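Peer 1: Before we start, here is the structure in question, set down as structure tokens.
Number of protein chains: 2
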Amino acid sequence: MMRTRPLKVALLGCGVVGSEVARIMTTHADDLAARIGAPVELAGVAVRRPSRVREGIDPELVTTDATALVKRGDIDVVVEVIGGIEPARTLITTAFEHGASVVSANKALLAQDGAALHAVAEEQGRDLYYEAAVAGAIPLIRPLRESLAGDKVNRVLGIVNGTTNFILDKMDSTGAGYQEALDEATALGYAEADPTADVEGFDAAAKAAILAGIAFHTRVRLDDVYREGMTEVTAADFVSARRMGCTIKLLAICERAADGASVTARVHPAMIPLDHPLASVRGAYNAVFVEAEAAGQLMFYGPGAGGSPTASAVLGDLVAVCRNLVGGATGPGDSAYAQLPVSPMGEVVTRYHISLDVADKPGVLAQVATVFAEHGVSIDTVRQQGRQDGNGEASLVVVTHRASDASLSGVVEALRGLDTVRGVASIMRVEGE
Amino acid sequence: MMRTRPLKVALLGCGVVGSEVARIMTTHADDLAARIGAPVELAGVAVRRPSRVREGIDPELVTTDATALVKRGDIDVVVEVIGGIEPARTLITTAFEHGASVVSANKALLAQDGAALHAVAEEQGRDLYYEAAVAGAIPLIRPLRESLAGDKVNRVLGIVNGTTNFILDKMDSTGAGYQEALDEATALGYAEADPTADVEGFDAAAKAAILAGIAFHTRVRLDDVYREGMTEVTAADFVSARRMGCTIKLLAICERAADGASVTARVHPAMIPLDHPLASVRGAYNAVFVEAEAAGQLMFYGPGAGGSPTASAVLGDLVAVCRNLVGGATGPGDSAYAQLPVSPMGEVVTRYHISLDVADKPGVLAQVATVFAEHGVSIDTVRQQGRQDGNGEASLVVVTHRASDASLSGVVEALRGLDTVRGVASIMRVEGE
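If you're matching them up, the sequences are chains A and B in order.
Using full-length UniProt numbering, the first residue of the first sequence is number 1, and each one after it goes up by one.
Using full-length UniProt numbering, the first residue of the second sequence is number 1, and each one after it goes up by one.
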């Protein structure tokens, strides 16, 4: 059954992930050939700095001209691990136009231009696979796209950024503040020098857009994803969370509305119960919880980043794309037939944990409760405590029943207008119950 | 792109799973058609008792003649949810011979005759998919077969039987004995009237054979799987486990030997550390932990049984097989190219927790330690305690370093020959460290 002409692979980018892909393609060539039904060969490697020594890679394969490489015409599969929007987008488009299929690990590009890239792939009858773009080595895109293809996904709830999970886990387990935990993450290499993309939720938002699109068979753009970072989370929030039997995680949440007619996608820190499977996800690990109508609750757990895990996902896709080429077929393409509208954050319905600094005198609770009632937000529990510091202040913690984000915003605005409310110390959503 | 001739599906079996498959095929027909690129239609349902009322199924589709149904010639996909070896095996073979692809949820059949069935499928150019055969709704076969196709799986460690996990979880959380926990599982419908297949590990062994075969690209027969049930696990074992910082789970373990040249597959109760992700799998849930060379540690978690979850897995396969038919392709077939030998249990290397009843007098520990040393089994810790009941007995708990099962068996036999050892109270393997 084995065909003899090898499939030719062009690798764009040879950093942490790319060099690991090249290494495994060499060391495990026989296994890959047996699983594909044809040998695969590295036919070119495009890099920015050709002078760097790349162990195990034939220097003759290395080029700085990525465009010429994808235009060669004899390339069967282009593996893009450059990241970023350009030149990756143009190179992938050019690759399709010159007859190649593409495997990409590029979450930013897929989140922003996935639809356009899928369109070119389909036009050219080629595959676009991108398992590595979300949650590293964890098989997630394929299970959502294929294993659950006969089911109706109602919710995806995930820890999809390892850096922020490392920081929040550290804060939870040691009582450290945000800055201290971030410093440790940076020192250990879990956070980049500029951690903005991670801690402000941009990275997770790109993944949420991709996951929501696949889960709901609907086009979800990056702009559709509500995003809130985790830089405001304090040690005090973790104390509050513990009192609720919860911890705090930065979650990517994609939900189908109760009536099924619309979807939402959002990224923000949230309290989740300690007995929820996501609560025990430690360190830089990722995990994604999926709720489907027939399947029930599933969870996928593993390393969300790193050279080897990401290379594993890239190579799984490479084998699939090569098998398709050998079999003369293409894999499942883009599926956005459902075309559900993406609702704004105001329509999201969840529970809230609100800490208020209030005047320590009679009648305050009644005033506060009235504000909630006027906005149709029902209170689950209230905890009131004097601060004992003689300045006449107390704190009030309110946990609500389920309410829309718009109603809650109305409540918060009105609370800020009350004389007796000195400040809204924190607002945190409560998920996973 | 939508073709108009519907794909015809024959359903063999209409019990808990089959009726749910039929229901979803009807209620979600539009979604399935959009995802496949062609409508699918239920063309026949083979049952044993046609008189039973089957809500939502056209009585004209129901037949007792399954053989005639699979021989009709116009059937594109046969969904087999009868279970057991015969008539399922003959029906599936006949289906292939008459041009159909097959989706099956039949773990016993796949474990016993998977190779032969795959051979017929390949001969006929048809697909055989069976995600539902292992761990219900949890996407596992597809991730192992496809997502990890570019990686090297070294170990699969799974809770793949919900009944036994329910019983062990109950024993752990309440201190109940085996019989009491089994009675509760039976009362709640988690255990069958005859629980043998579950509690003796036969069900898990079939799944271990299937998982090992896929993970290692090697033929693993049911007979190759070492099997030990969990009926001997006692409340005292859980107390011992807690002292070790462990709990007890019935595990299916598929491992590649350290030198990579052979594999093993086994099912038995084992202690695992409380901080291992599998330790917190509650109730009847299933979870499978996979260790791969590049991907690292992954876990897949979800409901392992039940009509709806199993139907979700069956329908995911149905969509995949139908897509393949529309695209004129077949999915990845059987992969046993590695042909690694399956080693017997004696060659498995792990740690052991051994409880001995010994005479309460000086020199016993030295005697016992000598036996371990003579068999080359290194001791990690020993805990010795007098029983205070004045009968001159004490208990000795030995935890070993890693040793082969054959060496440990030699130790146990020799210990039984010592005058000072009154009995070997329990031997339990320690995994997941």
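Positions of the beta carbon are idealized from the N, C-alpha and C atoms, including for glycine.
As the structure is a prediction and not an experimental result, all values here were calculated from the model.
For Ala-265 of chain A and His-276 of chain B, what's the separation of their Cα atoms in angstroms?
Peer 2: If you take the alpha carbons of Ala-265 of chain A and His-276 of chain B, they lie about 31 Å apart.
Peer 1: Against Ser-335 of chain B, what residues of chain A qualify as contacts under a CB-to-CB distance less than 9 Å, listed in chain order?
Peer 2: Per Cβ cutoff of 9 Å: Ala-34 and Arg-35.
Peer 1: When DSSP labels each residue in this structure, what does Gln-112 of chain A get in the three-state scheme?
Peer 2: Reduced to three states, the DSSP call for Gln-112 of chain A is helix.
Peer 1: Establish whether the CB of Tyr-298 of chain A and some CB of chain B are separated by less than 8 Å.
Peer 2: The amino acid at residue 298 of chain A is misidentified as Tyr; the sequence shows Leu. Taking Cβ atoms only, chain B reaches closer than 8 Å to Leu-298 of chain A, which makes this a yes.
Peer 1: Say whether chain B places a C-beta atom closer than 8 Å to the C-beta of Val-319 of chain A.
Peer 2: Interface residue, yes.
Peer 1: How far does the alpha helix (DSSP H) with Cys-322 of chain B in it reach, from first residue to last?
Peer 2: Its alpha helix (DSSP H) spans residues 307-327.
Peer 1: Kindly list, in the order they appear in chain B, the residues whose Cβ is closer than 9 Å to that of Thr-26 of chain A.
Peer 2: Within chain B, no residue comes near Thr-26 of chain A; the closest Cβ sits about 13 Å away, beyond 9 Å.
Peer 1: Let me know the alpha helix (DSSP H) ranges lying completely inside the segment 99-163 of chain B, each 4 residues or longer, listed in chain order.
Peer 2: Taking only runs of at least 4 residues, the alpha helix (DSSP H) segments lying wholly in the segment 99-163 of chain B are 107-123.
Peer 1: Is the beta carbon of Ile-210 of chain B less than 8 Å from the beta carbon of Leu-110 of chain B?
Peer 2: Against a cut-off of 8 Å, the Cβ pair of Leu-110 of chain B and Ile-210 of chain B comes out as a contact.
Peer 1: Please identify, using Cβ separations under 7 Å, the residues of the segment 246-264 of chain B that lie next to chain A, in order along the chain.
Peer 2: So the list is empty, because no residue satisfies the distance condition.
Peer 1: With a threshold of 8 Å between beta carbons, is Asn-90 of chain A in contact with chain B?
Peer 2: Reading off the sequence, residue 90 of chain A comes out as Thr, not Asn. It does not; no Cβ of chain B falls within 8 Å.
Peer 1: Quick one: residues in its chain with C-beta nearer than 8 Å to the C-beta of Ala-425 of chain A, no 5 flanking neighbours on either side, listed in chain order?
Peer 2: Contacts found: Ala-236, Ser-355, Leu-356, Asp-357 and Ser-395.
Peer 1: Reducing DSSP to helix, strand and coil, say where Ala-403 of chain B ends up.
Peer 2: In this structure, Ala-403 of chain B counts as strand in the three-state DSSP scheme.
Peer 1: Near Lys-152 of chain A, what residues of its chain come up, given a Cβ to Cβ distance below 7 Å and the 5 sequence neighbours on each side ignored?
Peer 2: So the list reads Ala-292 and Glu-293, once near-sequence residues are dropped.
Peer 1: Buried or exposed: which applies to Ala-100 of chain A, given that a residue is buried once 16 or more other Cβ atoms fall within 10 Å of its Cβ?
Peer 2: The residue is buried, with at least 16 neighbouring Cβ atoms inside 10 Å.
Peer 1: Flag this pair as touching only if the segment 319-328 of chain A and the segment 222-231 of chain A have three or more C-beta atom pairs under 8 Å; answer yes or no.
Peer 2: The answer is no - the segment 222-231 of chain A does not touch the segment 319-328 of chain A, with fewer than three Cβ pairs under 8 Å.
Peer 1: In the DSSP output, which residue or residues are listed as bridge partners for His-268 of chain A?
Peer 2: His-268 of chain A pairs with A:Leu-251.
Peer 1: Closer than 9 Å, Cβ to Cβ, to anything on chain A: give me those residues from the segment 150-174 of chain B, in chain order.
Peer 2: Result list: Gly-150, Asp-151 and Lys-152.
Peer 1: Roughly how far, in whole angstroms, is the beta-carbon of residue 434 of chain B from the beta-carbon of Ala-270 of chain B, given that I think they are within contact range, below 8 Å?
Peer 2: Because residue 434 of chain B is not part of the residues shown, which for chain B are 1 to 433, the question remains open.
Peer 1: Would you please verify whether the beta carbon of residue 472 of chain B is less than 8 Å from any beta carbon of chain A?
Peer 2: With chain B represented from 1 up to 433, any question about residue 472 of chain B goes unanswered, as that position is not in the structure.
Peer 1: Would you mind reading off the limits of the beta strand (DSSP E) that contains Leu-274 of chain A?
Peer 2: Counting along the chain, Leu-274 of chain A falls outside any beta strand (DSSP E), and DSSP gives it neither H nor E.
Peer 1: May I ask you to list, following chain order, the residues of the segment 127-151 of chain A that have a beta carbon less than 7 Å from some beta carbon of chain B?
Peer 2: Here the close residues are Glu-131, Ala-137, Ile-138, Pro-139, Arg-142, Pro-143, Glu-146, Ser-147, Leu-148, Ala-149, Gly-150 and Asp-151.
Peer 1: By how many angstroms is the C-alpha of Thr-163 of chain B removed from the C-alpha of Ala-191 of chain B?
Peer 2: Near 6 Å, if we compare the C-alpha coordinates of Thr-163 of chain B and Ala-191 of chain B.
Peer 1: Which residues mark the beginning and the end of the alpha helix (DSSP H) in which residue 436 of chain B is found?
Peer 2: Look at the range of chain B in this structure, 1 to 433, and you will see that residue 436 of chain B is not part of it.
Peer 1: Per DSSP, which residues does Val-45 of chain A bridge with? Please list them.
Peer 2: Per DSSP, A:Leu-11 and A:Val-62.
Peer 1: Kindly indicate which three-state DSSP category Met-1 of chain B falls into: helix, strand or coil?
Peer 2: Legend: pLDDT at Met-1 of chain B = 49, less than 50; position of this residue unreliable, value from coordinates given subsequently. Here Met-1 of chain B sits in coil by DSSP.
Peer 1: Verify the CB distance criterion: does Ser-280 of chain B have a CB-CB separation below 8 Å to chain A?
Peer 2: Closer than 8 Å: yes.
Peer 1: Taking a contact to mean a Cβ-Cβ separation below 8 Å, would you say Leu-32 of chain A touches Gly-44 of chain A in this structure?
Peer 2: Their beta carbons are not under 8 Å apart, which means Leu-32 of chain A does not touch Gly-44 of chain A by this criterion.
Peer 1: Are three or more beta carbon pairs between the segment 176-190 of chain A and the segment 112-126 of chain A nearer than 8 Å?
Peer 2: Segments in contact, no.
Peer 1: Per the contact definition of three or more C-beta pairs closer than 8 Å, is the segment 220-227 of chain A in contact with the segment 341-349 of chain A?
Peer 2: Contact between the segment 341-349 of chain A and the segment 220-227 of chain A is present, because at least three Cβ pairs lie under 8 Å.
Peer 1: Using only CA atoms, which one of A:Ala-46, A:Arg-35 and A:Leu-340 lies nearest to Gly-213 of chain A?
Peer 2: Residue A:Leu-340 is the option with its Cα nearest to Gly-213 of chain A.
Peer 1: Going by alpha carbons, who is nearest to Ile-82 of chain B out of B:Gly-260, B:Val-40, B:Val-47 and B:Glu-255?
Peer 2: Minimum Cα distance to Ile-82 of chain B is reached at B:Val-47.
Peer 1: At a Cβ threshold of 8 Å, is Val-189 of chain B touching chain A?
Peer 2: Residue identity check: residue 189 of chain B is Gly in the sequence provided, not Val. Output row for Gly-189 of chain B: interface = no.
Peer 1: Using the rule of at least 16 other Cβ atoms within 10 Å of the residue's Cβ for burial, across every protein chain shown, is Pro-309 of chain B buried or exposed?
Peer 2: Answer is buried; the Cβ neighbour count reaches 16.
Peer 1: Under three-state DSSP, which class holds Gly-417 of chain B?
Peer 2: It is coil, neither helix nor strand.
Peer 1: At the level of alpha carbons, what is the spacing between Glu-97 of chain A and Ala-336 of chain A?
Peer 2: Straight-line Cα distance between these residues: approximately 23 Å.
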